[in-house]
Amino acid sequence: MQEALLKLKNYLLRIFILAGLLWSRLSPTGRAALLILMLLVLTALFAPLLAWHPPDVSSGPALTPPGDGHLMGTDDLGVDLWAMIVFGARVSIIVGLGTALLAGLGGSIAGIASAYKGGWMDRVIMRLVDIMIVLPDLPVMIVLAAFFGPSLSNIIIVLALFSWSRPARLIRAQTLSLKEQPYVKMAAHYGGGFFYLLFRHFLPELLPLLLVNMIRLAGMAIIAEASLAFLGLGDPTSRSWGLIINHAVNFSGIYFTPFWQWWLLYPWLFLTLLVTSLALLGRDLERVADPRLSS
Amino acid sequence: MISETLKRIPEYLLAILIIITLNFALPRMMPGDPFLQISGAGGEVGDAYTAEQREYFMAYYGLDRPAGEQFITYLGELSRGDLGFSYYYKESVSNMILRRLPWTLLLVSAATAISLGAGMALGSFAAWRRGRRSERLTYLMMVVFGEIPAFLVGLFLLVLLAAGLGLFPLAGAMSHYTQFDSYGAQLADIMHHAALPVLTLSLARTGSLFLLVRNSLGTILTRDYMRTARAKGLNERRIRWRHAMRNALLPLITRTAMQMGAMVGGAVLVENVFNYPGLGQLMYDAVFVRDYPLLQGIFLVLAITVLAANLLADLLYKRLDPRIAAEVKKQSTGPGIKPVGTGGRNEDL
Numbered sequence: 077m078q079e080a081l082l083k084l085k086n087y088l089l090r091i092f093i094l095a096g097l098l099w100s101r102l103s104p105t106g107r108a109a110l111l112i113l114m115l116l117v118l119t120a121l122f123a124p125l126l127a128w129h130p131p132d133v134s135s136g137p138a139l140t141p142p143g144d145g146h147l148m149g150t151d152d153l154g155v156d157l158w159a160m161i162v163f164g165a166r167v168s169i170i171v172g173l174g175t176a177l178l179a180g181l182g183g184s185i186a187g188i189a190s191a192y193k194g195g196w197m198d199r200v201i202m203r204l205v206d207i208m209i210v211l212p213d214l215p216v217m218i219v220l221a222a223f224f225g226p227s228l229s230n231i232i233i234v235l236a237l238f239s240w241s242r243p244a245r246l247i248r249a250q251t252l253s254l255k256e257q258p259y260v261k262m263a264a265h266y267g268g269g270f271f272y273l274l275f276r277h278f279l280p281e282l283l284p285l286l287l288v289n290m291i292r293l294a295g296m297a298i299i300a301e302a303s304l305a306f307l308g309l310g311d312p313t314s315r316s317w318g319l320i321i322n323h324a325v326n327f328s329g330i331y332f333t334p335f336w337q338w339w340l341l342y343p344w345l346f347l348t349l350l351v352t353s354l355a356l357l358g359r360d361l362e363r364v365a366d367p368r369l370s371s
Numbered sequence: 051m052i053s054e055t056l057k058r059i060p061e062y063l064l065a066i067l068i069i070i071t072l073n074f075a076l077p078r079m080m081p082g083d084p085f086l087q088i089s090g091a092g093g094e095v096g097d098a099y100t101a102e103q104r105e106y107f108m109a110y111y112g113l114d115r116p117a118g119e120q121f122i123t124y125l126g127e128l129s130r131g132d133l134g135f136s137y138y139y140k141e142s143v144s145n146m147i148l149r150r151l152p153w154t155l156l157l158v159s160a161a162t163a164i165s166l167g168a169g170m171a172l173g174s175f176a177a178w179r180r181g182r183r184s185e186r187l188t189y190l191m192m193v194v195f196g197e198i199p200a201f202l203v204g205l206f207l208l209v210l211l212a213a214g215l216g217l218f219p220l221a222g223a224m225s226h227y228t229q230f231d232s233y234g235a236q237l238a239d240i241m242h243h244a245a246l247p248v249l250t251l252s253l254a255r256t257g258s259l260f261l262l263v264r265n266s267l268g269t270i271l272t273r274d275y276m277r278t279a280r281a282k283g284l285n286e287r288r289i290r291w292r293h294a295m296r297n298a299l300l301p302l303i304t305r306t307a308m309q310m311g312a313m314v315g316g317a318v319l320v321e322n323v324f325n326y327p328g329l330g331q332l333m334y335d336a337v338f339v340r341d342y343p344l345l346q347g348i349f350l351v352l353a354i355t356v357l358a359a360n361l362l363a364d365l366l367y368k369r370l371d372p373r374i375a376a377e378v379k380k381q382s383t384g385p386g387i388k389p390v391g392t393g394g395r396n397e398d399l
């Protein structure tokens with residue numbers, strides 16, 4: 077018991093030190109992006125505490141401007157916009173995290189298998205990657221979402237199917253040099269199978285690179301979800317930011333009224349903030365992870 | 051050189067086959083059958099067909115035959131340019147697509163040209179002034195603009211320039227119900243309508259081209275032949291454009307082609323932001339009324355266009371770069387004459 081506690085303490089300490097080290101290496105832009113991201117994640121986590129109106133039912137007169145109990149006004153059904161924004165953060169973060177995990181892990185396993193096994197497996201996987209990279213993803217995603225119904229889990233699966241190719245290529249290149257390392261060869265000689273090597277050597281070694289890439293993946297997934305929702309292919313039961321924008325834009329004559337000043341502005345602002353800070357952080361982390369690329 | 055290009059062709063054929071198969075399989079993988087959907091026009095799914103009528107239609111459309119046979123028929127129809135019949139608009143899908151395609155092509159080609167030009171100009175500006183404040187500012191702006199998705203940029207421009215200041219029209223590709231004095235006036239009207247969508251798409255795409263040009267020029271500037279060119283006393287403009295840019299051009303072509311998918315995806319969204327009557331807006335309408343044949347037809351056309359652009363870039367690349375052919379023959383060449391731009395930051399991520 078005591079030992080486990082000590083272990084946990086050590087572990088936490090290590091994470092703390094690593095986080096500090098990372099922070100010290102980030103550029104000012106990267107730091108600002110990280111702070112914004114953390115704020116948005118906290119918003120999503122504590123959504124029920126932050127919103128004092130329900131996000132799905134009417135809580136006042138329709139289309140009231142911000143102020144007067146409604147921090148960001150209401151939409152055409154009288155639903156509080158701040159509540160929708162706060163709960164919508166959850167959708168974006170679930171989509172980003174889910175896709176990044178699925179595509180990141182799947183892609184890196186494919187990449188490692190491709191590099192380690194070589195031969196026909198390498199050829200098949202790399203051809204697939206080439207094809208995935210040329211396919212125009214948004215039209216394919218629109219078609220898939222239209223056919224399979226836009227539930228949140230479907231969207232995550234479709235997004236993951238279309239974003240595993242980049243991590244696969246990246247991880248394959250790294251594995252090619254990693255598998256020549258003496259200790260990996262040694263482990264294989266002593267009878268370590270593919271899965272042993274995968275979980276014991278390849279994945280832990282490539283994890284930092286993978287995590288950096290996952291930030292990229294999360295950003296792209298959030299953009300893709302918002303784009304699909306903007307086209308009316310979002311999960312109708314989850315109020316994502318893209319869906320709010322879709323409703324606002326489809327409100328006839330919105331640009332001739334003052335309503336866009338809150339109904340369109342706030343979801344737009346939050347989406348832009350989230351997407352830009354994810355991208356800037358990802359870019360900065362790439363620089364930290366690979367100093368060769370620093371300008 | 052030619053054989054190397056030919057080797058890539060099966061890959062493209064395979065990609066096209068995958069797209070076609072996907073298109074064929076999707077409606078057949080859906081629960082229920084198409085007649086359930088037709089009878090439920092107007093949103094409600096009812097069972098307006100009797101069992102016999104349903105059987106009749108299944109036989110009429112060939113849906114009772116084995117899947118392999120259906121696939122062959124489907125391929126035959128495609129090869130004749132028959133994309134099916136839109137069951138909402140009651141019109142041939144190919145006709146509808148042909149009517150909308152020019153607008154999308156206009157947006158995509160104008161945006162590609164502008165983003166290429168802007169990327170090259172700004173990229174070379176940044177490469178020559180690396181480290182100065184003006185360069186850092188350009189870099190930050192480009193990175194930020196490159197990361198914000200096109201439809202969000204479009205919404206911003208629409209609200210600011212079209213709705214707020216009234217400088218541009220809010221929707222459409224040209225003014226209807228107006229008489230134009232000349233073709234020039236009509237052309238100006240079309241350009242006025244296309245300005246914001248094209249600007250949006252170009253803004254979203256310039257960022258990554260800018261980074262590519264900046265990075266590959268950065269590498270090129272350290273090469274020996276640049277010093278040689280200076281030593282020969284060539285003027286700066288000639289060095290910049292003839293010697294440096296020519297070499298930076300090659301990765302740029304590949305990148306532009308690889309971005310074609312993103313560009314077309316961006317166009318689909320941007321058309322919907324600006325209510326521009328291209329294929330993207332038609333796709334939205336098709337999704338909205340669940341007109342699957344139309345949706346699939348548009349998808350097929352977009353996907354094949356993107357693949358064709360990629361093939362074209364492949365062919366062009368080999369034309370422009372004699373080193374590729376040399377490298378294939380010799381297998382190994384000195385480090386000094388490898389194609390540049392493969393070490394760019396944005397290359398694989």
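Residue numbers (our numbering), protein chains in the order written: chain A, 77 to 371; chain B, 51 to 399. Where a beta carbon is used, it is the ideal one built from N, C-alpha and C, also for glycine.
Inset, instruction - Name, going along the chain, the residues of the region 333-345 of chain B whose beta-carbon falls closer than 9 Å to a beta-carbon of chain A. - result: M333, Y334, A336, V337, F338, R340, Y342 and L345
Legend entry - Three-state class that DSSP yields for A:T333 in the structure shown: coil
Inset, instruction - With A:W158 as the anchor, note down where its alpha helix (DSSP H) starts and where it stops. - result: L157 to K193
Legend entry - Validate contact between the region 244-257 of chain B and the region 267-276 of chain B using beta carbons, cut 8 Å, 3 pairs: no
Inset, instruction - Let me know if B:G391 comes out buried or exposed under the rule of 16 or more other beta-carbons within 10 Å of its beta-carbon. - result: For B:G391, the predicted structure reports a pLDDT of 40, less than 50, and the residue's modelled location is therefore unreliable. The matter cannot be settled from this model.
Legend entry - Check whether B:R305 and B:L262 have beta carbons under 8 Å apart: yes
Inset, instruction - State yes or no: is the C-beta of A:L49 within less than 8 Å of the C-beta of A:I188? - result: Here chain A has residues from 77 to 371 only, and residue 49 of chain A is not among them.
Legend entry - Integer-rounded CB distance, given that B:A307 should sit under 8 Å from B:R359: Going by the sequence as given, residue 359 of chain B is Ala instead of Arg. Correct: roughly 5 Å between the Cβ atoms.
Inset, instruction - Could you work out which residues of chain B lie near A:Y331, taking near to mean beta carbons separated by less than 8 Å? - result: L208, V209, A212, A213 and L220
Legend entry - DSSP state of B:F218 mapped onto helix, strand, coil: coil
Legend entry - Amino acids of chain A, ordered along the chain, whose beta-carbon sits closer than 8 Å to that of B:F349: P215, V216, I218 and V219
Legend entry - Proximal residues to B:I289 (C-beta, below 6 Å), its chain only, five neighbours per side dropped: A279
Inset, instruction - Identify the contact partners of B:V194 in chain A, using a Cβ-Cβ distance below 7 Å as the criterion. - result: T352
Legend entry - Simplified DSSP assignment, three categories, for B:S142: strand
Inset, instruction - Could you please tell me which residues of the region 184-217 of chain A, in chain order, have their CB closer than 8 Å to any CB of chain B? - result: R203, D206, I207, I209, V210, L211, P212, D213, L214, P215 and V216
Inset, instruction - Can you tell me which of the three DSSP states A:T150 falls into? - result: strand
Legend entry - Cβ distance (whole Å) where A:T175 is taken to contact A:I232 below 8 Å: 5 Å
Inset, instruction - Tell me, please, whether the region 203-214 of chain B touches the region 321-334 of chain B by the rule of three or more beta-carbon pairs shorter than 8 Å. - result: yes
Inset, instruction - Mind checking the region 315-335 of chain B against chain A and listing, in chain order, the residues whose C-beta falls within less than 7 Å of any C-beta there? - result: G315, V318, L319, N322, M333 and Y334
Inset, instruction - Anything in chain A within Cβ reach of B:F121, meaning under 9 Å, just list it in chain order. - result: Neighbours of B:F121 on chain A: none; closest Cβ ~18 Å, over 9 Å.
Legend entry - C-alpha distance - B:Y367 paired with B:A65, whole-angstrom precision: 20 Å
Legend entry - Reduced DSSP category for B:F324 - H, G, I as helix; E, B as strand; rest coil: coil
Inset, instruction - Return helix, strand or coil for B:E397, following the three-state DSSP convention. - result: Caution applies to B:E397, whose pLDDT of 35 falls short of 50 and renders its modelled position unreliable; the model cannot decide the point.
Inset, instruction - Within the same chain, show all residues whose beta-carbon is closer than 6 Å to that of A:I169, passing over the 5 residues directly before and after it, in chain order. - result: A120
Legend entry - Closest Cα partner of B:L76 within the set A:Y266, A:V216 and A:L287: A:V216
Inset, instruction - For B:G173, collect the residues of the same chain with a Cβ closer than 8 Å to its Cβ; drop the 5 residues on either side in sequence, then sort them by chain order. - result: L259, F260, L261, L262, V263, R264, L267 and A298
Legend entry - Other residues of its chain near B:I69: CB distance less than 6 Å, five sequence neighbours each side excluded: A353
Legend entry - In DSSP terms, what B:G268 is bridged to: Answer is none; B:G268 lacks a bridge partner.
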